[in-house]
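Asks: Supplied in structure tokens, the structure appears directly below.
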Amino acid sequence: MYVLLLEPLLYRALGLATLLIALWAFQDALRRKAPVFEAADKRTKGFWLGMTGGSVAVGLLSTLAAGSLLPFTLVALVAASVYLADVKPSVSGSGRGSGPYGRW
């Protein structure tokens, strides 16, 4: 009985978490310059803007319609997480003058 009451709340929480992570990834991809993506040997900036922008849209829809978009929510969460875990560290270190021991 209580599980049926908690289930929509858990779906909304997952949708909200997806939305926040996707917004973080999208704004980070938006402020990076396009040549940095190719220099880091990653996909193009347009590709990552499309992936993270789609993740934002799915996160927003899954927050509003709790539970009905669960597979898409999980795919959107994975796409935004891949950007943050793999692409962001590669493109953020370029052009900052950071040495092998960190920034000075």
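Sequential numbering from 195 applies to the sequence shown in this note's numbering. All residues carry an ideal CB built from backbone N, CA and C; glycine is no exception.
Looking at residue 266 and residue 252, is the spacing between their C-beta atoms short of 7 Å?
Replies: Cβ atoms of residue 252 and residue 266: closer than 7 Å.
Asks: Report the CB separation of residue 212 from residue 256 in whole angstroms; it is logged as a contact under 8 Å.
Replies: Correct: roughly 6 Å between the Cβ atoms.
Asks: Pick helix, strand or coil for residue 244, following the three-state DSSP scheme.
Replies: Reduced to three states, the DSSP call for residue 244 is helix.
Asks: Could you tell me the distance, in whole angstroms, from the CA atom of residue 195 to the CA atom of residue 259?
Replies: Computed Cα separation, rounded: 21 Å.
Asks: For the candidate residues 234, 230 and 254, whose alpha-carbon lies nearest to that of residue 209?
Replies: The residue with the shortest Cα to Cα distance from residue 209 is 254.
Asks: Tell me whether residue 299 is buried or exposed, calling it buried when 16 or more other Cβ atoms sit within 10 Å of its Cβ.
Replies: No answer is possible for residue 299: the residues shown for the chain start at 195 and end at 298.
Asks: Please go through the stretch 199-255 and give each complete beta strand (DSSP E) segment of 3 or more residues, from N-terminal end onward.
Replies: You should have found no qualifying run.
Asks: Contact defined as beta carbons within less than 8 Å: I believe residue 250 pairs with residue 285. What is the distance between those atoms, to the nearest angstrom?
Replies: About 19 Å; that fails the 8 Å criterion.
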